[in-house]
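Numbering (my numbering), first residue to last: 175 to 314.
Shown next, in the form of structure tokens:
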């Protein structure tokens, strides 16, 4: 029973840590593995959920009205607009490094505001998140 409820909790933590509220999802991932949960399942749940969290930021930036973005995310948008030239040339790298603390959210928002293709963004965001968790879990 505990295992059944724990994976959805891990998914929620990983989703939130990449979207709404900065949490250290790595600490939860390590804790789950050290508590005896299956390493591969933890890897899959964490990678997918963290990717979906970043994609929620992407979709907000892509579809939200300019008024909403300027009212609630003004500083983030100003930072994101500085990355315009990088989005065009190195968008895949910005997406891949979306797992980085602080700047990762700005990278994702920059990709969204500059209308970087969602499929490309999704793939490279997932690869970056999975890479981070793979390295982390391989150290355990």
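From the three backbone atoms N, C-alpha and C, an ideal C-beta is built for every residue, glycine too. Predicted model, so just to flag it, every value in this text is computed and none were measured.
Quiz item: Do residue 219 and residue 314 have their C-beta atoms closer together than 8 Å?
Solution: no
Quiz item: Quick one: complete alpha helix (DSSP H) runs, 4+ long, within the segment 183-270?
Solution: 199-208, 213-237, 240-246, 248-255 and 258-270
Quiz item: Alpha carbon to alpha carbon, what distance is there between residue 277 and residue 269?
Solution: 11 Å
Quiz item: Assuming residue 223 and residue 188 make a contact with CB atoms under 8 Å, what is their CB distance in whole Å?
Solution: 4 Å
Exercise. Kindly indicate which three-state DSSP category residue 314 falls into: helix, strand or coil?
Key: coil
Self-check item: Through-space distance from residue 274 to residue 305, alpha-carbon basis
Solution: 12 Å
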